[in-house]
Amino acid sequence: AALHDFEKVVADLTVKARKKKDGVSLLAILEEVHECRKDILECGKEWVQKAKHAETAKGAMEVMVEGQKVLLERFDLKLKKPLLLLID
């Protein structure tokens, strides 16, 4: 759905104001978020494979719990800052 002319102007002014305030463009933030998302997705796939090859269901659950911790740490380390810039 296309934006109304007024909405386009407001969106454009908002993006320009953010760049002026922070010195960071929306495009740069979105690119960083996209790269971090890909990294976290790949990490998640690696942990799924580890769980898949566990010898027992209990072992698989332990791997999944550990993987979840690693993914949350990676999210905090890599994605928290750019996402906060988007919503600030």
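The sequence shown begins at 997 in my numbering and counts up one residue at a time. In this text, a Cβ means the ideal position worked out from N, Cα and C, and glycines have one as well. This one's a predicted model, so the numbers in the text were calculated from it and none came from an experiment.
For residue 1081, the three-state DSSP class (helix, strand or coil) = helix
Please go through the region 1017-1068 and give each complete alpha helix (DSSP H) segment of 4 or more residues, from N-terminal end onward.
-> 1022-1048
Since residue 1022 and residue 1014 are thought to touch, with beta carbons under 8 Å apart, how far apart are those beta carbons, to the nearest angstrom?
-> 7 Å
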